[in-house]
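Asker:
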Amino acid sequence: MENLTVAIPVADMRQDADHRSQRVSQALYGHSVRSIEDNSEFVRCESADGYNGWIGHSYLVTAPQATNNVCVVTSLFAVFDRTDSGGRLTLPYGALIVSAGGELFHDLDGSEFALVFGRVNIDEPIPLSRAIEEARSLLSVPYLWGGSSTFGYDCSGFTQAVYRRAGIRLPRDSKDQSQFGREVTLDESLVGDLIFFPGHVAIHLGDKDILHASRLRGVVAIESLEAGHRHFRSDLDGKITTIRRAP
Numbered sequence: 107m108e109n110l111t112v113a114i115p116v117a118d119m120r121q122d123a124d125h126r127s128q129r130v131s132q133a134l135y136g137h138s139v140r141s142i143e144d145n146s147e148f149v150r151c152e153s154a155d156g157y158n159g160w161i162g163h164s165y166l167v168t169a170p171q172a173t174n175n176v177c178v179v180t181s182l183f184a185v186f187d188r189t190d191s192g193g194r195l196t197l198p199y200g201a202l203i204v205s206a207g208g209e210l211f212h213d214l215d216g217s218e219f220a221l222v223f224g225r226v227n228i229d230e231p232i233p234l235s236r237a238i239e240e241a242r243s244l245l246s247v248p249y250l251w252g253g254s255s256t257f258g259y260d261c262s263g264f265t266q267a268v269y270r271r272a273g274i275r276l277p278r279d280s281k282d283q284s285q286f287g288r289e290v291t292l293d294e295s296l297v298g299d300l301i302f303f304p305g306h307v308a309i310h311l312g313d314k315d316i317l318h319a320s321r322l323r324g325v326v327a328i329e330s331l332e333a334g335h336r337h338f339r340s341d342l343d344g345k346i347t348t349i350r351r352a353p
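My numbering numbers the first residue of the sequence shown as 107 and each following residue consecutively.
1. Assign R271 to one of two classes, buried (16 or more other C-beta atoms within 10 Å of its C-beta) or exposed (fewer than that).
2. Please name the residue, chosen from S181, Y269, I346 and P277, that lies closest to T291 on a Cα-to-Cα basis.
3. For a test of the three-state rule: what should DSSP assign to E218, helix, strand or coil?
4. Please report how far the alpha carbon of E329 lies from the alpha carbon of R242, in whole angstroms.
5. Spatial neighbours of P304 within its chain, please: CB distance less than 7 angstroms, with the 5 preceding and 5 following residues excluded, ordered by chain position.
6. Run the proximity test for G136: is its beta-carbon closer than 7 angstroms to any non-hydrogen atom belonging to the ligand ZN?
7. Let me know the secondary structure DSSP gives T406 once reduced to three states.
8. Span of the alpha helix (DSSP H) holding I203?
9. So what does N227 bridge to, in DSSP terms?
10. Any idea what DSSP makes of Y259, helix, strand or coil?
11. When we look at the beta-carbon of G159 and count the other beta-carbons within 10 Å, is it buried (16 or more) or exposed?
12. Quick one: Cα of E209 to Cα of S246, how far?
13. Starting from the C-beta of V268, find all residues in its chain whose C-beta is less than 6 angstroms away, skip the five residues before and the five after it, and write them out in chain order.
14. Just to confirm, are V130 and D187 a CB contact at a threshold of 8 angstroms?
15. With DSSP as the reference, please indicate the residues paired to N158 in a beta bridge.
16. Buried or exposed: T168, going by 16 or more other Cβ atoms within 10 Å of its Cβ?
17. Between the Cα of D279 and the Cα atoms of F148, D260 and N145, which residue gives the shortest distance?
18. How should A308 be labelled, buried or exposed, when 16 other C-beta atoms within 10 angstroms of its C-beta is the threshold for buried?
19. How is H163 classed by DSSP in three states: helix, strand or coil?
20. Could you tell me the distance, in whole angstroms, from the CA atom of C177 to the CA atom of G334?
21. Among A113, E108, I349 and A352, which residue has its Cα nearest to the Cα of S217?
22. Less than 8 angstroms between the CB atoms is what I'm expecting for I350 and L300, so what's the real figure, rounded?
23. If you drop the 5 nearest sequence neighbours on each side, which residues of the same chain put their C-beta closer than 6 angstroms to that of H337?
24. Report buried or exposed for Q283, applying the criterion of at least 16 other Cβ atoms within 10 angstroms of its Cβ.
25. Looking at the unbroken alpha helix (DSSP H) that takes in R236, where does it start and where does it end?
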């Protein structure tokens, strides 16, 4: 087994070693995965959250994940221009890249890129309240089954990405996230708590508003659990299975 690093903006993790197989999750640029099994075209990998899937061999490099001067994309996307050849690199929210000082960054082969659009910050935890405010910039990102990036999220991929900014490592799937932390009631629930429904998870914004990747709406959206609200989700009314607060 060896550690590999994702070398494209977003790499699909497939259920089987086939590009037509179901997408089960995604791994982002600069993040490390652990090789479990290898064939000529695919590598079965385990991501940092313990999730397993097959990633195309050409999407990974043997360079270890950087540990110094690591930055994270904190806008919807960040665009970098290569300083020596004019090549362009577009990375989604949550991707990792190494700072070379100022507005300059290094990619995985050491090439230098200049940030031309978007926001990049040192990869260190921020308060969950700030992470949620930051996540409002992700409104209208498309819903995508198995998605973990701003090219498309599913419900648990979205909550995982937001919580990661706060240094909280959630499991990948909603059924596992629903066992995380401690249970609270809706009356006790605070901003940032996770509200679970059958097969779904959302972030509580307070006053029964929720922020989530909505399969029904087809995008990341703010909706309400309050009857009479113009964005009331009647299909979720009375369907809460648990509410969890991170430790």
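Beta carbons: idealized from backbone N, C-alpha and C, even for Gly.
Answerer: Walking through what the data contain:
1. buried
2. I346
3. strand
4. 12 angstroms
5. Once the five neighbours on either side are set aside, the close Cβ partners of P304 are K345 and T347.
6. The ligand ZN is not part of the structure shown, which contains no ligands of any sort.
7. The requested residue 406 is not part of the displayed model; the chain covers only 107 to 353.
8. Where I203 is concerned, there is no enclosing alpha helix (DSSP H), although the beta strand (DSSP E) it sits in stretches over L202 to G207.
9. V178
10. strand
11. buried
12. 28 angstroms
13. A237 and A241
14. no
15. Note: N158 sits in a beta bridge opposite E152.
16. exposed
17. Ranked by Cα distance from D279, the options F148, D260 and N145 are led by D260.
18. buried
19. helix
20. 43 angstroms
21. A113
22. With the sequence shown as reference, residue 350 is identified as Arg, and Ile is not the correct amino acid for it. Rounded, the Cβ-Cβ distance is 5 angstroms, consistent with contact.
23. Same-chain partners within the cutoff: E329 and S330.
24. buried
25. L234 to A241
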